[in-house]
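2 protein chains.
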Amino acid sequence: MHLAERAAAGERLAIARLLTLIENGTDEGLEALDQLYPRSGSAHLIGITGPSGAGKSTLVNRLALALVDLPEQRDAALRVAVIAIDPTSPFSGGALLGDRIRMRDLADRPDIFIRSMATRGTLGGLARAAGEAALLLDAAGFKYVLIETVGAGQAEVDIARLAHTTLVIEAPGLGDDVQAGKAGILEIADILVVNKADKPGADAAARALELMLEIGDELRNSGQQPNEPGWHVPVLKVSALNGDGIADLIDSIQAHRNFLKTGSGWQARGGAYARSMFDSLLHERLFAGWQAGTDRQLLEGIYDRMANRALSPRQALRELGFK
Amino acid sequence: MHLAERAAAGERLAIARLLTLIENGTDEGLEALDQLYPRSGSAHLIGITGPSGAGKSTLVNRLALALVDLPEQRDAALRVAVIAIDPTSPFSGGALLGDRIRMRDLADRPDIFIRSMATRGTLGGLARAAGEAALLLDAAGFKYVLIETVGAGQAEVDIARLAHTTLVIEAPGLGDDVQAGKAGILEIADILVVNKADKPGADAAARALELMLEIGDELRNSGQQPNEPGWHVPVLKVSALNGDGIADLIDSIQAHRNFLKTGSGWQARGGAYARSMFDSLLHERLFAGWQAGTDRQLLEGIYDRMANRALSPRQALRELGFK
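The listed protein sequences derive, respectively, from chains A and B.
Here this note's numbering = 1-based position in the first sequence + 15.
Here this note's numbering = 1-based position in the second sequence + 15.
Shown next as structure tokens:
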């Protein structure tokens, strides 16, 4: 049987093998995605992001175990998949990371699937690889696909665009700079989570977030920031370590799903990664086509003059016949 | 006098105005960059990144003040420029951020120029805007351009590619997740800095980083990771708060410059942002050209079928005549 069919039938080894093929950008992987694409579209994609030290991995761990045990999951063989993304780590491929080790207790559960991804290099490569992996896991039949990212940057925003529901995790005591992270990723959050709720400062952190949300709402209402209307972003205190507040978080995630399904949000957000893949492939093809039609020596000469400051990038493009 | 000429003459208001034009992507801004491009190439571009809570802003503050006072700067009118990047903050534009406030004591110095940038949206937009701003400040005559980024993600890696020297800042006590940050950004560091050296755990953090560097070196020597040969990445302990270790850090930055200038590194790295701007403009033009030649209705139909899972992204491209 073909690898894609075996993955669609939920065979773990086939899924793992296909993820590798996809991550490596092989034709076989891309063809399998084509085959599996019609089967995708029913998983709930949940993005989880936030600054270092917020305890994301512990929370993802806890959340995965709680989602697996939901009554609605009773008859599902494949329940929860986790994609843990370590941006730009050619050194480790994620293997060195301590926080991955904490996921070991998920790894031997037959109803949970975990994949750590580390994509090097190209702009947007990570978001694309994550989207393709999510598509495969969705088509394979997982009900929930959790996508965890480290840090707060462009990659997080891109990945948030791929998810139905984005959780932004904060924690008390991460220092002043955390304010920056909050301001930066507030607008991608569907649910804000203050982890380590048992620590001092959790209430203050939650209040600060609520305040920032209010300011954001005012900006939004003044027409500066169009966001999903009608969804009130909740600020939830949880303790991933002892499980406090996890049930409320699950309720909130379900409520967000219901909210999206009532409007056009579910399909719009669920279709975002297809568009993102399309755009990425399109740019790749356009560039390859241009490169094939451009004289290599002419180009090298232009690059040299650019390096010598004789030609600005825009002037270089003009010499190549653009505009 | 034209804005570009006034900026080249070091007029602060003209520089500020041009930065806005560039950030907004106006034609006037792009034309000024063309004009100023031949004057660029002598500033030392220094990228500064690391996880939230490491105290980057305080360190940048301290570093800027120390660089301004260097003997080599005695005759320079414009000495140090700081570009502080807040990714994806349409809410605040950086204005809400507490750590920007700490930069106020830099803002009233005539020999220091500070700019906070927050670029929304498009993939790579931030790196491009930062590169263009650095180019302008370079051409305007600043000897050092510091580029500070928040978080650890794709944007940081992209920005590191624009800098001659990249500092990665860590600090003790940021929690387990910091390991992830370390693994992720180790390979972009030219100098590793453990800030808050007066806090407990600083020695341990420095040792952990040295260990990770050794592992990295082994991988590099085994041919897995080509990096600048001959530069030994130092791990420096500093306290941005009281100034300890800042002199050593400056020495290290100067040593790295001398190292780059001895080989081909200085020109190669200094030319990277031109290539990056070129690539970004090229992709923009290729896409615009394709879009102009593509029937809008046909495209909408294909997008719809993609959203309905009837057509995978790759199949959609085939229908549009690719490969």
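All residues carry an ideal CB built from backbone N, CA and C; glycine is no exception.
Since this is a predicted model, take the numbers as computed values, not measurements.
According to the DSSP secondary-structure assignment, A:H59 is paired through a beta bridge with A:Y159. Following the DSSP letters along the chain, one finds B:K252 in no alpha helix (DSSP H) but inside the beta strand (DSSP E) bounded by residues V250 to K252. Short of 6 angstroms from the beta carbon of A:L224, and not among the five residues preceding or following it, lie these beta carbons of its own chain, in chain order: L207 and V250. Within chain B, R300 have C-beta atoms less than 8 angstroms from the C-beta of A:K338, given in sequence order. Take A:A155, set aside five residues on each side of it, and the residues of its chain with a beta-carbon closer than 7 angstroms to its own are A22, A23, G25, I30 and L93, in chain order. Separation of A:K214 and A:N257 (C-alpha to C-alpha, rounded to the nearest whole angstrom) is 12 angstroms. Assigned with DSSP and collapsed to three states, A:S279 falls in coil, not helix or strand. By the Cβ neighbour-count rule, B:P53 is exposed, with fewer than 16 other Cβ atoms within 10 Å of its own.
Within the same chain, Cβ atoms closer than 8 angstroms to the Cβ of A:E185 are found at G65, P66, A69, V193, G196, K197, L207, V208, V209, N210, A220 and L224, the five residues on either side in sequence being excluded. Here B:R130 is bridged, per DSSP, to B:I98. A:V183 has A:T64 and A:L207 as its beta-bridge partners, per DSSP. For B:S254, the nearest beta carbon of chain A is not closer than 8 angstroms to its own beta carbon. Interface residue (Cβ-Cβ distance to chain B less than 8 angstroms): A:W305 is classified as such. Listed along chain B, the residues sitting closer than 7 angstroms to A:R324 by beta-carbon distance are Y52, P53, S55 and G56. Listed along chain B is no residue with a C-beta nearer than 9 angstroms to that of A:M132; the closest approach is about 12 angstroms. For A:T164, DSSP records a beta bridge to A:I100. Within 7 angstroms of the CB of B:P328, the CB atoms of chain A belong to A289, M292, F293 and L296, in sequence order along the chain. The continuous alpha helix (DSSP H) containing B:L36 extends over residues R27 to E38. DSSP places A:A331 inside the alpha helix (DSSP H), whose first and last residues are P328 to E334. DSSP places B:T73 in the helix class (H, G or I) of the three-state scheme. Neighbours of A:D49 in chain B, taken as residues at a C-beta separation under 8 angstroms, are given in chain order as S327, R329 and Q330.
When the Cα atoms are used, B:I268 and A:P125 turn out to be separated by approximately 51 angstroms. No Cβ of chain B is located within less than 8 angstroms of the beta carbon of A:P249. A:E147 counts as buried, since at least 16 other C-beta atoms from the protein chains shown sit within 10 angstroms of its C-beta. The Cβ of B:L45 sits closer than 8 angstroms to at least one Cβ of chain A. Taking a Cβ-Cβ threshold of 9 angstroms, the residues of chain B close to A:Q282 are A322 and N323, in chain order.
What B:G286 touches in chain A, judged by beta-carbon distance under 8 angstroms, is M321 and A322, going in chain order. Of the candidates A:L51, A:E229, A:F302 and A:A255, the residue whose Cα lies closest to the Cα of A:L152 is A:L51. The alpha carbon of A:F128 has as its nearest neighbour, out of A:I174, A:A79, A:E43 and A:T35, the alpha carbon of A:A79. For B:L201, there is no enclosing alpha helix (DSSP H), as DSSP gives it neither H nor E.
The Cβ-Cβ distance between A:A175 and A:G62 falls below 8 angstroms. Here A:R77 has A255, G258 and I261 as same chain residues with Cβ atoms under 7 angstroms from its own Cβ, once five neighbours each way along the sequence are excluded. Beta-carbon to beta-carbon, B:L161 and B:V97 are separated by about 5 angstroms, close enough to satisfy the 8 angstroms threshold. Contact check between the segment 315-334 of chain B and the segment 289-301 of chain A: three or more CB pairs, one atom from each, fall below 8 angstroms, which counts as touching.
Apart from the 5 residues on each side of it in sequence, B:K71 sits with its Cβ closer than 7 angstroms to the Cβ of I63, G65, E163 and I184 in its chain, given in chain order.
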